[in-house]
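> Let me give you the structure first, and then I'll get to my questions.
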Amino acid sequence: MAHVPFEYGLYLAAALFLIGLVGVLVRRNLIFVLASIEIMLNAAGLAFVVAGSRWGHADGQIMFIFILSMAAAEVAVGLALALLFRRAFGSLDVDAASRMRG
Amino acid sequence: MTVVFYIAGAVALISTLLVITRRNTIHALLLLVISLLAVAVVFYTLGAPFVAALEVIVYAGAIVVLFLFTVMLLNVGRLAEGDEPGRLRGVHFLAPGILAGTLLVLLAIAIASGPSAQVGARAVGPTEVGAALYGPYAIGVELASTLLLAALIGARHLGQRQREAGFADAVSLAATPATTGPAGEPPAELAPVGAPTAGDETPPDAPGGDEPAPAEPSVRFWRKDGD
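Quick look at the structure:
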């Protein structure tokens, strides 16, 4: 077992989440945006696991399992939308869909 | 084990930073696998071996493979490099980086102001997690299964080739210049009955040649001649 302060795990989770946030803000490729969202969800799960480990309870891990299933559902729908997007606009640049017509 | 936590955390941070700065999609996804494996090691050192295994199996094994299959289907090997022209210079990371750095400082202040404690005092194994998961959290399991079923149906609906009017038509019209007329009309109405090729150009001796031939939409979701 590691004996590290509880805050360090939360620092790691916060840094990973913010890296994912920067990825969502900067990248325009739809695949990268979805991957950045996965990074953010993973960081949120890490925070739950760290908190559950600090109290020695299983609840944090259970919340991580729920986040995991939610991320799986999200990525399935998101990648299906990416396929549709590529067929509609010919690229994966999300700026191609900045105009809403029809 | 303590040093393993720090090494794995550093690997996770570095590889995640590399993920969002790569141009090549495949490289980024493989770095994402490294990042997720490092986070799995962090979970293990924190005394959560069951979640570490799930991270490897589901995140690195299933979700990233789904990404890779999509990249293969889309064939974005060279497309991805031309996809973001001039997007990945350092100046584009400046403003989001400042915002994220500010948020990180605020979060660090908030975290540091709380009481300190040691983590990972005891491991919480799969038995305990499973007993809680199917005990007090059983309704959450039901909800997660419903969510996965909804995602399954939704992905299958989005993934099929759509022939009738619907979302595909709306997006196809949005992607077409507005002067091309109705793009959703079936081609059988455009050409006379018995025309050799329905769907391609209108034959030059077609009786209905006075009205302009509707241009094909530039991007189509489905083959109109059926496949």
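Order-wise, the sequence lines are chains P and C.
Taken in order, the first sequence gives residues 1 to 102; the numbers are from the working numbering.
Taken in order, the second sequence gives residues 1001 to 1227; the numbers are from the working numbering.
The beta-carbon is built from N, C-alpha and C at its ideal position, and this holds for glycine as well.
#1: Could you tell me the distance, in whole angstroms, from the CA atom of V1124 (chain C) to the CA atom of A58 (chain P)?
#2: Assuming contact is defined by CB atoms lying nearer than 8 angstroms, are A1062 (chain C) and A72 (chain P) in contact in what I supplied?
#3: Can you pull the chain P residues whose beta carbon is under 8 angstroms from the beta carbon of H1092 (chain C), in chain order?
#4: Is the CB-CB distance between L92 (chain P) and L25 (chain P) below 8 angstroms?
#5: Tell me, please, whether the region 12-20 of chain P touches the region 39-46 of chain P by the rule of three or more beta-carbon pairs shorter than 8 angstroms.
#6: Just to confirm, are L1036 (chain C) and Y1006 (chain C) a CB contact at a threshold of 8 angstroms?
#7: On the DSSP bridge list, what partners appear for N29 (chain P)?
#8: Looking only at its own chain, which residues have a Cβ that is under 6 angstroms from the Cβ of A51 (chain P), when we skip the five neighbours before and after it?
#9: Using the DSSP secondary-structure output, state which residues sit across from Q1118 (chain C) in a beta bridge.
#10: Identify whether Y1134 (chain C) lies in helix, strand or coil by the three-state DSSP scheme.
#11: Tell me which residues of the region 1024-1040 of chain C have at least one Cβ-Cβ distance to chain P shorter than 8 angstroms, keeping chain order.
#12: For I1020 (chain C), which three-state DSSP category applies?
#13: Roughly how many angstroms lie between the CA atoms of A76 (chain P) and L1103 (chain C), to the nearest whole one?
#14: Return the residues of the region 56-75 of chain P that lie within a Cβ-Cβ distance of less than 8 angstroms from chain C, sorted by chain order.
#15: Taking only three categories from DSSP, how would you classify H1157 (chain C)?
#16: Starting from L1147 (chain C), find everything on chain P with Cβ-Cβ shorter than 8 angstroms and list it in chain order.
#17: For chain A, is any of its Cβ atoms less than 8 angstroms away from the one on A82 (chain P)?
#18: Does V49 (chain P) come within less than 8 angstroms of chain C when only Cβ atoms are used?
#19: Just to confirm the assignment, what range does the alpha helix (DSSP H) spanning A1110 (chain C) have?
#20: Once you ignore the five residues that flank I1020 (chain C) on each side, which residues in its own chain have a CB closer than 6 angstroms to its CB?
#21: I want to verify the contact list: residues of chain P whose CB lies under 8 angstroms from the CB of A1108 (chain C), in sequence order.
#22: Helix, strand or coil for M1072 (chain C) per DSSP?
#23: Does the beta-carbon of E1142 (chain C) have 16 or more other beta-carbons within 10 angstroms, so that it is buried, or is it exposed?
#24: With a threshold of 8 angstroms between beta-carbons, can V22 (chain P) be considered close to chain C, or not?
Let's see:
#1: On the second sequence, residue 1124 (chain C) is found 124 positions in, with the first residue counted as 1. On the first sequence, residue 58 (chain P) is found 58 positions in, with the first residue counted as 1. Taking the straight line from one Cα to the other gives about 6 angstroms.
#2: As a first step, residue 1062 (chain C) must be located in the second sequence, where it is residue number 62. As a first step, residue 72 (chain P) must be located in the first sequence, where it is residue number 72. Yes, Cβ-Cβ distance for A1062 (chain C) and A72 (chain P) is below 8 angstroms.
#3: On the second sequence, residue 1092 (chain C) is found 92 positions in, with the first residue counted as 1. The answer, in chain order, is V26.
#4: Position 92 of the first sequence holds residue 92 (chain P). Position 25 of the first sequence holds residue 25 (chain P). Cβ atoms of L92 (chain P) and L25 (chain P): not closer than 8 angstroms.
#5: Result yes; three or more Cβ-Cβ pairs closer than 8 angstroms.
#6: Position 36 of the second sequence, counted from the start, is the residue given in the question as residue 1036 (chain C). Position 6 of the second sequence, counted from the start, is the residue given in the question as residue 1006 (chain C). Between L1036 (chain C) and Y1006 (chain C), the gap from beta carbon to beta carbon reaches 8 angstroms or more.
#7: Along the first sequence, one-based indexing puts residue 29 (chain P) at 29. Looking at the DSSP output, N29 (chain P) shares a beta bridge with P:D93.
#8: On the first sequence, residue 51 (chain P) is found 51 positions in, with the first residue counted as 1. Closer than 6 angstroms at the Cβ level, and outside the excluded window around A51 (chain P), lie G60.
#9: Here residue 1118 (chain C) corresponds to residue number 118 of the second sequence, with the count starting at 1. Beta-bridge pairing links Q1118 (chain C) to P:P5.
#10: Here residue 1134 (chain C) refers to the residue found at position 134 of the second sequence. Y1134 (chain C) falls in the coil class under three-state DSSP.
#11: Flagged, chain order: T1025, A1028, L1029, L1032, S1035, L1036, V1039.
#12: The residue given as residue 1020 (chain C) occupies position 20 in the second sequence. In the structure shown, I1020 (chain C) sits in coil (DSSP, three-state: anything other than H, G, I, E or B).
#13: Indexing the first sequence from 1 puts residue 76 (chain P) at position 76. Indexing the second sequence from 1 puts residue 1103 (chain C) at position 103. Rounded to the nearest angstrom, the two C-alpha atoms are 30 angstroms apart.
#14: If you check each beta-carbon in the region 56-75 of chain P against every beta-carbon of chain C, the ones closer than 8 angstroms belong to G56, H57, A58, D59, G60, Q61, I62, F64, I65, F66, L68, S69, M70, A71, A72, A73, E74, V75.
#15: On the second sequence, position 157 is the one that residue 1157 (chain C) refers to. Here H1157 (chain C) sits in helix by DSSP.
#16: Residue 1147 (chain C) sits at position 147 when you count from the first residue of the second sequence. Going along chain P in sequence order, the residues near L1147 (chain C) (Cβ under 8 angstroms) are S69, M70, A73.
#17: Absent from the structure: chain A. Protein chains present are P and C.
#18: On the first sequence, residue 49 (chain P) is found 49 positions in, with the first residue counted as 1. At least one chain C Cβ lies under 8 angstroms of V49 (chain P).
#19: Within the second sequence, numbered from 1, the residue matching residue 1110 (chain C) stands at position 110. Residues 1094-1112.
#20: Walking along the second sequence from the start, residue 1020 (chain C) turns up at place 20. Within the same chain, no residue comes within 6 angstroms of I1020 (chain C) by CB-CB distance, once the 5 residues on both sides are set aside.
#21: Indexing the second sequence from 1 puts residue 1108 (chain C) at position 108. Going along chain P in sequence order, the residues near A1108 (chain C) (Cβ under 8 angstroms) are Y11, A14.
#22: As a first step, residue 1072 (chain C) is located in the second sequence; it is residue number 72 there, counting from the start. Under the three-state reduction of DSSP output, M1072 (chain C) falls in the helix class.
#23: For the purposes of this step, residue 1142 (chain C) is identified with residue 142 of the second sequence, where counting begins at 1. Classification for E1142 (chain C): exposed.
#24: For the purposes of this step, residue 22 (chain P) is identified with residue 22 of the first sequence, where counting begins at 1. The beta carbon of V22 (chain P) falls within 8 angstroms of a beta carbon belonging to chain C, placing the residue at that interface.
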